[in-house]
Amino acid sequence: MLSIYNTLTGKKERFESLAPKIVKMYVCGVTVYDYCHIGHARSALVFDVIRRYLEFSGYQVEFVKNFTDVDDKIIKRANEQGVSCETITAKFIDAYDTDMGRLGIKRATREPKATEHMAEIIELVDRLMQKGLAYEVAGDVYFQVDKYQAYGRLSKRNLEDLQAGARVEVDARKRYPMDFALWKSSKPGEPSWESPWGPGRPGWHIECSAMSIKHLGETFDIHGGGMDLIFPHHENEIAQSCGATGKEFARYWIHNGFVQINQEKMSKSLGNFFTIREIFEKSQWPEAETGEMLRYFLLATHYRGPVDFSDQALRETKQALDGFYDLFNRLAEPGQGSAETDVELHYSIGWFEERFKMGMDDDLNTPSALAELQQLKNDVNKLLGQGLSTEARKIAREEFRSLGNILGLFQLDAWRFSERRAMVSQAEFEVPDIDVQLIDAKLVERNEARKQKDFKKADEIRRFLSSHGIVIEDKPDGTSRWKR
RNA sequence: GGCGCCGUACCCAAGUGGUUAAGGGAGCAGUCUGCAAAACUGCGAUGCAGCGGUUCGACCCCGCUCGGCGCCUCCA
124 MLSIYNTLTG KKERFESLAP KIVKMYVCGV TVYDYCHIGH ARSALVFDVI RRYLEFSGYQ
184 VEFVKNFTDV DDKIIKRANE QGVSCETITA KFIDAYDTDM GRLGIKRATR EPKATEHMAE
244 IIELVDRLMQ KGLAYEVAGD VYFQVDKYQA YGRLSKRNLE DLQAGARVEV DARKRYPMDF
304 ALWKSSKPGE PSWESPWGPG RPGWHIECSA MSIKHLGETF DIHGGGMDLI FPHHENEIAQ
364 SCGATGKEFA RYWIHNGFVQ INQEKMSKSL GNFFTIREIF EKSQWPEAET GEMLRYFLLA
424 THYRGPVDFS DQALRETKQA LDGFYDLFNR LAEPGQGSAE TDVELHYSIG WFEERFKMGM
484 DDDLNTPSAL AELQQLKNDV NKLLGQGLST EARKIAREEF RSLGNILGLF QLDAWRFSER
544 RAMVSQAEFE VPDIDVQLID AKLVERNEAR KQKDFKKADE IRRFLSSHGI VIEDKPDGTS
604 RWKR
């Protein structure tokens, strides 16, 4: 039974879906005017894991993640580059799909775009006008916050506090300083749509209300995004949505913490952010391995806390993952077992699953779940030392694959290992392209030499393979396995 | 000014009002090995920023102090 921290109530709550066995969740995607950074990756990943875990727990998940493709920043970017907004948005939606795909983020069941929901947006604004919660000034429409009683409920602030801390000049046309735009009249050259208030475009928050209501209904289960969206974005969404429908909007509000660099939030002004593609490009590891490293790294910290990104952290993550794939390699080899080890394996797996779920159920404690995975790895390693049958090995590997899948880990059949204590100097190291047949032939040759006690030759061969990035591990039976 | 977060071993990071404070990385010692690698075993916080308080008992609750950070403007 999943418990999850609800920003709305400030407490961990037992999760209960509105409809049995169906979860409807909406997550704020991105405004598509630039490449995504690791912060976006974390957010996408957290909700990807929530979705996977809910599915694992037997729910059908209707998962909507939007693209905001009409916005000031997009217009600005388009003008800077002298291209249309569509050029910009198409480019970065495509980039989003590529980047998130490399991280193994599953596609949402629906990925709506704001520009494709103008009718719904206008209708929603109109409803707010008719209810007297919004007003028009020269083609702009504002939501009047003091007409909505519960304003500030999500972010735990009141209008007075907000006003006192306002750092921005108040638009004189607003009736109340905190009023926010639902509809903006368009200036020449800007994208615009016909509306009862003249040609214009939607304000920032209204598109999420319109799209979530359209695709999930007026009341749904989960709404999520980064912590920075709590105010004003989600606060405003609640005001608009509840104001228009008179019903409860989302029931559980989930927010992930930031990715930081040296204890500070990543931001463009500090210039301390990393884009996802930058990390993949700079990585010395293949794409699949890099993606899994990033996932593991991000999931090794609880989703609500801050996580500090660094090269060192990523290196440590690689070492941790190597341990799993090392085990998987050995599990892929045939072996002899006993009734006792088979039984112990089942016992260990059973215990593990319980602990794993316990962690995940406790507000998605992925660090704890990973620790349990590590524990299982240790158990299986010990059993392997005692002897495990081929069948038992398959079962063990499958366990890692199936539960790992909830975190999007351990799905790979091949894995590039870190270089261990190098047998050769950097200068001797050659491009690690050597074909498998040659490796196997060299291993046979080497083991023949070992049998003859010609260790000089054996070491030469190892040295040769090592220079091609191949690491040899000798098995007790006189044969060897290798890995890159 | 308002709201809020963080401070656990060399590094990362869970966790609990009371048995041995998870796990990973690094390190050291050992087993195994021709040598390695991998794996396994052992070592490693007498303490959970500091000081008070509540309590039979606190790292975990409360208060204060110190240090770091976030939001209140666009932001995952």
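Under this note's numbering, the first sequence has 184 at position 61, and the numbering climbs by one with no breaks. For every residue, glycine included, the Cβ atom is placed at its ideal position computed from N, Cα and C.
* Secondary structure at residue 170, three-state DSSP: helix, strand or coil? -> If DSSP states are grouped into helix, strand and coil, residue 170 belongs with the helices.
* Asked: Does the region 274–283 come close enough to the region 342–350 to have 3 or more Cβ pairs within less than 8 Å?
  -> Here the region 274–283 makes no contact with the region 342–350; the two share fewer than three CB pairs at distances below 8 Å.
* So, are the CB atoms of residue 196 and residue 156 less than 8 Å apart? -> If you check the CB distance, residue 196 and residue 156 come in under 8 Å.
* Asked: Does DSSP put residue 183 in a helix, in a strand, or in coil?
  -> Here DSSP, grouped into helix, strand and coil, assigns residue 183 to strand.
* To do: Report back the beta-carbon spacing between residue 565 and residue 587 to the nearest angstrom; my notes put them in contact at under 8 Å.
  => Contact holds; Cβ gap of about 7 Å.
* Asked: Quick one: what does DSSP say residue 327 is sitting in, helix, strand or coil?
  -> In this structure, residue 327 counts as coil in the three-state DSSP scheme.
* For the beta strand (DSSP E) that contains residue 219, what are its first and last residues? -> The continuous stretches of beta strand (DSSP E) do not include residue 219, which lies in the alpha helix (DSSP H) extending over residues 208–225.
* Per DSSP, residue 419 forms a beta bridge with which residues? -> DSSP output for residue 419 lists no bridge partner at all.
* To do: Go through its chain and collect everything with a Cβ distance to residue 612's Cβ below 6 Å, but skip five positions before and after it.
  => In the structure as shown, the chain starts at 124 and stops at 607, and residue 612 therefore has no counterpart that could be examined.
* Nearest-angstrom Cα separation, counted from residue 436 out to residue 295 -> Computed Cα separation, rounded: 49 Å.
* **Neighbour-count burial assignment, residue 378, 16 or more Cβ in a 10 Å radius** => It counts as buried.
* CB of residue 467 within 8 Å of CB of residue 506, strictly -> Contact check for residue 467 against residue 506 passes: the beta carbons are separated by less than 8 Å.
* Which residue's Cα is closest to the Cα of residue 323: 336, 535, 304 and 331? -> Minimum Cα distance to residue 323 is reached at 304.
* Top-ranked residue by Cα proximity to residue 361, from 154, 380, 333 and 194 -> The shortest C-alpha separation from residue 361 is found at 333.
* To do: Determine which residues share a DSSP beta bridge with residue 343 and list them.
  => Looking at the DSSP assignment, residue 343 forms a beta bridge with 373.
* To do: Evaluate the contact criterion for the region 460–478 versus the region 498–518: three or more CB pairs, one atom per stretch, below 8 Å.
  => Proximity of the region 460–478 to the region 498–518 meets the contact definition, three or more beta-carbon pairs being nearer than 8 Å.
* Is there contact here, the region 558–573 with the region 597–605, by at least three beta-carbon pairs under 8 Å? -> Contact holds: three or more Cβ-Cβ distances are below 8 Å.
* Asked: Nearest to residue 151 by CA position, among 478, 203 and 335, is which residue?
  -> Comparing Cα positions, the closest option is 335.
* To do: Please work out which residues of its chain come closer than 7 Å, Cβ to Cβ, to residue 533, disregarding the five sequence neighbours upstream and downstream, and give them in chain order.
  => For residue 533, where only same-chain residues beyond five positions count, the Cβ hits under 7 Å are 447, 523, 524 and 527.
* **Residues bridged to residue 604 [DSSP beta-bridge criterion]** => Answer is 596.
* Which residues mark the beginning and the end of the beta strand (DSSP E) in which residue 313 is found? -> Taken as a continuous stretch (DSSP letters only), residue 313 belongs to no beta strand (DSSP E), as it is neither H nor E.
* Asked: Taking the C-alpha atoms as reference points, what is the distance between residue 257 and residue 311?
  -> So the alpha carbons of these two residues sit roughly 25 Å apart.
* Asked: Closest to residue 470 by CA distance: which of 499, 188, 493 and 457 is it?
  -> When each option's Cα is compared against that of residue 470, the closest is 499.
* Asked: Is residue 265 closer than 8 Å to residue 302 when the C-beta atoms are compared?
  -> Yes. Within cutoff.
* Asked: If we ignore side chains and look at the alpha-carbon of each, how far apart do residue 139 and residue 411 end up?
  -> Cα-Cα distance, rounded: 35 Å.
* Inter-stretch contact at 8 Å, needing at least 3 Cβ pairs: the region 198–206 / the region 241–256 -> Taking a cut-off of 8 Å for Cβ pairs, the region 198–206 and the region 241–256 do not touch, as fewer than three such pairs fall below it.
* To do: Kindly indicate which residue of 132, 331 and 318 has the alpha-carbon position closest to the one of residue 188.
  => Nearest in C-alpha terms to residue 188, of all of 132, 331 and 318, is 331.
* Neighbour-count burial assignment, residue 318, 16 or more Cβ in a 10 Å radius -> Buried is the call here.
* **Unbroken stretches of the alpha helix (DSSP H), 4 residues or longer, contained in the region 224–300** => Runs of the alpha helix (DSSP H) lying entirely within the region 224–300, each at least 4 residues long, are 241–253 and 282–287 in chain order.
* **CB of residue 163 within 8 Å of CB of residue 389, strictly** => It is not a contact, given that the beta carbons lie outside the stated cut-off.
* **For residue 590, the first and last residue of its enclosing alpha helix (DSSP H)** => For residue 590, the enclosing alpha helix (DSSP H) has its first and last residue at 578–590.
* Asked: In chain order, what residues of the same chain have a beta carbon less than 7 Å from the beta carbon of residue 403, not counting five sequence neighbours either side?
  -> Counting only Cβ-Cβ distances below 7 Å, and skipping sequence neighbours, we find 225, 410 and 413.
* To do: Pull up the DSSP beta-bridge partners for residue 129, would you.
  => Note: residue 129 sits in a beta bridge opposite 134.
* Asked: Taking DSSP as the reference, what is the three-state secondary structure of residue 338?
  -> Residue 338: helix per DSSP, three-state reduction.
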